[in-house]
Amino acid sequence: MCLALVPVLLSSHVRITRHPAEDEEPVWSPDGTTFAFVTDREGGEDVYVMNVDGTSSTRITESGTEWDPEWSPAGGHIVLRSLRDGNDEVYVMNADGSGQIVLADHPSDDYGPRWSPDGSQIAFVSTRDGNEEIYLMSHEGRATVRLTEHGAADSEPEWAPDGSQLAFVSNRTGTHQIFLMRADGSGVKRLSRHAAVTYWDPDWSPDGSRIAFSSRRGGNWDIYVMNPDGSGERRLTEHPAGDLSPRWSPDSAAISFVSWRDGNAEVYVTESKPAVQEADTE
Ligand SMILES: [Ca+2]
Ligand SMILES: [Ca+2]
Ligand SMILES: [Ca+2]
Ligand SMILES: [Ca+2]
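Each residue of the sequence shown is one higher than the one before, counting from 285 in the working numbering.
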């Protein structure tokens, strides 16, 4: 693999949380004022909301086994992964934590929910057919259909902003790579171009112009962006600590992420300016 490194000015990173607990999985609310995130500040992992400057954090779940928060496109609801029933289920609740309802209710593990841009469907991951596959259900938890059918692990679904395609992660070619498929599961093609490295956490910018992701290269996780055709990878973080979980701001101008650079997991925000351009060739 040939990486042509062209150093330019690294983008600035602003630290949002300052707490000895593990603060992870920040997701911007659609109006850009609030993060939902996961933290173990009070014991187990629960979902909290806070202002985007890190103030006024409020716990909205209570089981201590909650992950994968995701806002509804209209902002009134949060869908998440919960282990409260003994296996992973997808739950939905009002954004203040009230009205919690199970959606994907199955003895298998069900997790990773991502709401479709029009609000009508939720993509999620389930092991109900023997290995990790990606499914769609209605936003009310009905009419579940399977999108992937492959013996490899298929996870991390992420909608294109126009709802026509989903990006996802699969290790069907040996390493974890980012793939694209149509919203009916057809037309699967590999998007990421460096077969020897690990890709994770795809997140499509709301303006459709780029896909952010995390990637482990040389043993180090960093945040990257690429064009929606897989070209033009650019690295946004350059730190030996783990940098993961990128999420675009609603205006596509900034990316939140998690880093362990200050000794425990904290939430940071970076501008999305390119830091290092890498060649597309392997
Ligand atoms: Ca922390
Ligand atoms: Ca389940
Ligand atoms: Ca599979
Ligand atoms: Ca790093």
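By construction, the Cβ of each residue, glycine as well, lies at the ideal position given by its N, Cα and C atoms.
Minimum C-alpha distance to residue i - residue among the options
i	options	result
ASN455	SER422, ASP324, GLU416	GLU416
SER366	HIS434, ASP394, ARG474, ILE300	ASP394
THR521	GLY471, SER340, ASN504	ASN504
ILE344	VAL336, GLY502, GLU326, ASP337	GLU326
HIS361	GLY370, ILE539, ARG398	ARG398
ASP352	THR432, ASN511, ARG531, GLN405	ARG531
ASP468	LEU420, TYR483, GLY502	LEU420
ASN371	PRO357, VAL386, SER533	VAL386
ARG466	PRO314, SER341, ARG302, LEU431	LEU431
7 angstroms CB neighbourhood of residue i in its chain, flanking five on each side removed
i	result
GLU306	THR323, ASP324, ASN548, ALA549
GLU412	According to the sequence provided, residue 412 is Arg. The question's Glu does not apply to it. Closer than 7 angstroms at Cβ, skipping near neighbours: HIS390, SER392.
ALA525	SER543, TRP544, ARG545
THR349	GLY328, GLU329, SER366, LEU367, ARG368
TYR483	VAL453, HIS460, GLN461, ILE462, SER476, PHE497, SER499
GLY514	LEU475, SER476, ARG477
GLU373	SER366, VAL386, ALA388, ASP389, ASP394
GLU346	ASP330
PRO304	ASN548
Residue i: CB within 7 angstroms of a non-hydrogen atom of ligand 4
i	result
ASN504	yes
ALA549	no
ASP546	no
Beta-carbon proximity list for residue i, same chain, < 6 angstroms, skipping 5 on both sides
i	result
SER529	GLU309, ASP485, PHE541, VAL542
HIS434	ARG456
GLU424	none
ALA436	SER454, ASN455, ARG456
SER313	TRP355, GLY359
GLN384	TYR375, MET377
THR301	ASP307, GLY338, GLU550, VAL551
HIS297	TYR552, THR554
VAL429	LEU420
Close Cβ partners of residue i (< 8 angstroms) along its chain, the five nearest in sequence each way excluded
i	result
GLY458	ALA479
PRO445	PRO401, TRP488, SER489, PRO490, ASP491, GLY492
SER439	GLY396, VAL409, GLU416, ILE418, PHE452, VAL453, SER454
THR317	ASN335, VAL336
Residue range of the beta strand (DSSP E) that includes residue i
i	result
HIS434	HIS434 -> no beta strand (DSSP E), and no H or E assigned at all.
THR554	550-555
ASN378	373-378
ARG500	495-501
SER439	438-443
PRO397	394-399
TRP355	350-355
ASP330	330-335
ILE462	461-466
GLU417	417-422
ILE406	405-410
ALA320	318-323
Per-residue DSSP class, three states only, for residue i
i	result
LEU289	Residue placement at LEU289 is flagged as unreliable, the pLDDT there being 43, under the threshold of 50; the coordinate-derived value follows with that caveat. The answer is coil: DSSP assigns LEU289 none of H, G, I, E or B.
HIS303	coil
ASN455	coil
HIS523	coil
VAL560	For VAL560, the predicted structure reports a pLDDT of 49, less than 50, and the residue's modelled location is therefore unreliable. A value from the coordinates is still provided. Three-state result, VAL560: strand.
GLN384	coil
LEU364	strand
GLY492	coil
TRP532	strand
GLU566	In this predicted model, GLU566 has a pLDDT of only 47, less than 50, meaning its place in the structure is not dependable enough to derive any value.
ASP513	coil
GLY298	Here the sequence assigns Val to residue 298, which means Gly is not the residue at that position. Strand.
TRP544	coil
LEU475	coil
VAL481	coil
Heavy atom of ligand 3 within 7 angstroms of residue i beta-carbon
i	result
ASP394	no
ASN415	yes
GLY435	yes
THR428	no
Ligand 2 heavy atom lying under 7 angstroms from the CB of residue i
i	result
ASP372	yes
PRO397	no
Closer than 7 angstroms: residue i CB and nearest ligand 1 heavy atom
i	result
ALA305	yes
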